[in-house]
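Add 70 to the 1-based position in the sequence shown for this note's numbering, that's all there is to it.
All C-beta atoms in this analysis are idealised placements derived from N, C-alpha and C, irrespective of residue type, glycine included.
Computed from a prediction, not measured in an experiment: that's the story for all the values here.
Worksheet for the structure shown next.
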Amino acid sequence: MNFASSAVLAAATAVLSACSGPVTGGTGSSSSTGGGAICTHDVPGTTFTFQLNNTGTRNLRLLTGCGGTIPITVDTPSGAVPISRGSADGCEVSCDSVFKGQQNFGCSDCGPGTSFAVDAGKVTDVAWDRRGYTAYEVDPSCSGNADGNRCALGTLVDPATTKTGTVTICSDTLYPNSDSCPAENLVPVAFNLDLSKSSVVISVN
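This is the structure in structure tokens:
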């Protein structure tokens, strides 16, 4: 899946919903009946957009796993957390769907994986639902299932303490439609962000 750089890549909607169909819209938390277990979890926040401005002369890529991974992390007091479910669950399954009863019994190989273009001289938008993701196992009493409860839990980050982050760019375009990139071509780019706003421009080249 190779997205043109003019397209909006939605980290929590268009691309990330392709595998597990997370809840969209709104802020706050959602809860389900769990017989004493804590079943409350954060729903997506208002959209924040990372605007990747390729100021250079070479085309770049973001590696997206099987479609549910975005190589961006934000820094929190407990450390760097990924903004996409694929970085916290190998099958890119969001706990949003597991809380609704979907089971995660593993996944098949998606072949070479996917990436999308960050073309020279263009701006590529990556939408984010303001949640950081961690590996989690939902209590069976919350999902209604005895097993298949492993997933990526999205938790809203604190705007007051989340001020920086990193996006990892691939400068190799030999295999433009895959998730592969030689280690020497993976370039981390640090950025500042203000979550009281709706977007941040990040220059890459």
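Give me, in chain order, the residues of the same chain whose beta-carbon lies closer than 6 Å to that of Arg220; leave out the 5 immediate sequence neighbours on both sides.
Within its own chain, the residues whose Cβ lies closer than 6 Å to the Cβ of Arg220, once the five positions on either side in sequence are excluded, are Asn174, Glu207, listed in chain order.
Given 8 Å as the limit, is there contact between the segment 186-203 and the segment 122-137, that is, 3 or more CB pairs closer than that?
Counting Cβ pairs under 8 Å, three or more are found: they touch.
Exposure of Glu162, with buried meaning 16 or more beta-carbon neighbours within 10 Å:
Residue burial is scored here from C-beta neighbours: Glu162 has at least 16 other C-beta atoms within 10 angstroms and is therefore classed as buried.
Got a sec, what are the start and stop residues for the beta strand (DSSP E) Ser157 sits in?
Looking at the DSSP string, Ser157 is not in any beta strand (DSSP E), and its letter there is neither H nor E.
Would you please state the rounded distance, in angstroms, between the beta carbons of Val259 and Val237? I believe it to be under 8 Å.
About 5 Å separates the two Cβ atoms, so the contact holds.
Please name the residue, chosen from Gly160, Ala158, Gln172, Gly149, that lies closest to Cys212 on a Cα-to-Cα basis.
Closest option to Cys212, Cα to Cα, is Gln172.
Note down, in chain order, each residue of its chain lying with its Cβ closer than 6 Å to the Cβ of Leu223, except the 5 sequence neighbours on either side.
Result list for Leu223: Cys165, Thr204, Tyr206, in chain order.
Below 8 Å between beta carbons: does that hold for Arg201 and Gly138?
Going by C-beta atoms, Arg201 is not nearer than 8 Å to Gly138.
Helix, strand or coil for Cys180? Go by DSSP, reduced to three states.
For Cys180, the secondary structure class from DSSP, reduced to helix, strand or coil, is coil.
Figure out for me which residue from Gly135, Pro147, Asn262 has the closest Cα to the Cα of Arg155.
With distances taken between Cα atoms, Arg155 lies closest to Gly135.
For Phe175, report the span of its alpha helix (DSSP H) as first-last.
Per DSSP, Phe175 belongs to no alpha helix (DSSP H) and is neither H nor E.
Which first and last residues belong to the beta strand (DSSP E) in which Val257 is found?
Looking at the DSSP string, the run of the beta strand (DSSP E) that includes Val257 is 256-262.
Just the Cα atoms here: how many angstroms apart are Val227 and Thr146?
Computed Cα separation, rounded: 7 Å.
With DSSP run on the structure shown, which of helix, strand or coil describes Ala197?
DSSP places Ala197 in strand when its eight states are reduced to three.
When you compare the CB positions of Cys240 and Ser185, do they come within less than 8 Å of one another, or not?
Their beta carbons are under 8 Å apart, which means Cys240 touches Ser185 by this criterion.
DSSP three-state call for Ala205: helix, strand or coil?
In the structure shown, Ala205 falls within a strand segment according to DSSP collapsed to helix, strand and coil.
Return helix, strand or coil for Asp242, following the three-state DSSP convention.
Three-state DSSP puts Asp242 in coil, outside helix and strand.
Are there 16 or more other CB atoms within 10 angstroms of the CB of Leu133, so buried, or fewer, so exposed?
Leu133 should be labelled buried.
Given that a residue counts as buried once 16 or more other Cβ atoms are within 10 Å of its Cβ, and exposed if not, what is Thr231?
By the 10 Å Cβ count, Thr231 comes out exposed.
Which residue marks the beginning of the beta strand (DSSP E) containing Ser273, and which one marks its end?
Run containing Ser273: 269-274, per the beta strand (DSSP E) assignment.
Using a Cβ-Cβ cutoff of less than 8 Å, which residues in the same chain neighbour Ser268 once the five nearest sequence positions on both sides are dropped?
Annotation for Ser268: Thr116, Thr117, Phe118, Thr119 place their beta carbon closer than 8 Å to its own, counting only its chain and skipping 5 residues before and after.
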